Every structure is written in structure tokens, then in C-alpha cells.
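*Asks:* Count along the sequence shown from 1, then add 1276; that gives the number in our numbering.
Note that beta-carbon positions come from the ideal geometry of N, C-alpha and C, so glycine has one too.
These figures come from a predicted structure and were not determined experimentally.
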Amino acid sequence: MHDNPGVEIPPLHESLEDTARALETHDVYVVRSAGRLVGSVRARLEGDVWEIGRLMTAPDLQGRGLGRQLLDHIQAVAPATATTYALFTGAKSERNQKIYKKSGFRLRRDLEAPPGAVIMTKTHASRR
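1. Give me whichever residues DSSP pairs with D1303 in a beta bridge.
2. Residues in its own chain within less than 6 Å of A1334 by CB, not counting five upstream and five downstream?
3. Please look up how many angstroms separate the CB atoms of V1325 and S1316, rounded, as I've assumed it's under 8 Å.
4. Measuring alpha carbon to alpha carbon, tell me which of L1363, D1294 and P1391 ends up nearest L1321.
5. Between the C-alpha atoms of R1404 and R1312, what's the straight-line distance to the nearest angstrom?
6. Expressed to the nearest angstrom, what Euclidean distance is found between the alpha-carbon atoms of A1367 and D1348?
7. Return the first residue and the last residue of the alpha helix (DSSP H) that K1368 is part of.
8. For E1327 and Q1338, I'd like the C-alpha separation in whole angstroms.
This is the structure in C-alpha cells:
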């Protein structure tokens, strides 16, 4: 089901309690269709970095642009003080990396990522 078998990155093992706590510390956006949760993304500001996480879409709706719309939205609502967007994804998640690269993110092998993951960043063009 996912591209990184055996990898212990946090999104794959987050408890319900952890998710509930994130609602207090992150801006969270969801997409529903006929009441069904079909996509979500969250972010928080750390210094001047808008840390994007947990971007997900329902498996049966992948490839239809919903993930891209969520990624565009979470960047658009970043606080004015955010100069950089950052996220991480599985090191073997080529499809995810391709989507992020198309949106202007670049691999940052110089930054320490969780085991089995890579960090990608993007400078906010109007806030350099």
C-alpha cells in the first residue's frame, strides 16, 4: 500500500491521541465529499518555516489533483512571516517527490530527516 515498507516514519504510526493534539498546534484542512473525508493536510509555523505535514488523499481518488490542490492551499494560507515551506516524505516515495518537485520543492539531503525519509523545501518567492 505504501512505497516505504519497514520504514517507521511518524505519519504511518501516529495515534488518535497524537492526531487530536495536533489540532491544537497545527492549522488543519480537510476535504469531504458527501460527508466522507477524502483529503487533508496540516502545517505549523516554526520560526520562519511553514512545516507542512500529513498531506493525504483517499486512495481511490489519487491522481485527480486533490493532493496538489491541498498542497497549493496550505502554502497559500501560510502566515506572512513564513519564508520557507518544508515537508518530508518517504525516501522511496517517488510519486510524492515528483508532485512536490512540480510544486517547486527541492530535495535537501543536507538536512537531517527521519530514517527512511527525505526533507524537501521551497522558498516563498515573494518573501525572500
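*Replies:* According to the structure data:
1. Within the sequence shown, numbered from 1, the residue matching residue 1303 stands at position 27. DSSP lists A1319 as partners of D1303.
2. Position 58 of the sequence shown holds residue 1334. Only V1314 meet the Cβ criterion.
3. Counting from one through the sequence shown, the residue named residue 1325 turns up at place 49. Counting from one through the sequence shown, the residue named residue 1316 turns up at place 40. Their Cβ separation, rounded to whole angstroms, is 20 Å, which puts V1325 and S1316 out of contact at 8 Å.
4. Within the sequence shown, the letter at position 45 stands for residue 1321. Taking only the C-alpha atoms, the option nearest L1321 is L1363.
5. Translated into positions along the sequence shown, residue 1404 becomes position 128. Translated into positions along the sequence shown, residue 1312 becomes position 36. For R1404, the predicted model reports a pLDDT of 48, less than 50, meaning its position is unreliable; a value from the coordinates is still stated below. So the alpha carbons of these two residues sit roughly 39 Å apart.
6. Position 91 of the sequence shown holds residue 1367. Position 72 of the sequence shown holds residue 1348. Between A1367 and D1348, the C-alpha separation is close to 22 Å.
7. What you label residue 1368 is simply residue 92 of the sequence shown in a count that begins at 1. Careful: K1368 lies outside any alpha helix (DSSP H) and carries neither H nor E.
8. Along the sequence shown, one-based indexing puts residue 1327 at 51. Along the sequence shown, one-based indexing puts residue 1338 at 62. Between E1327 and Q1338, the C-alpha separation is close to 23 Å.
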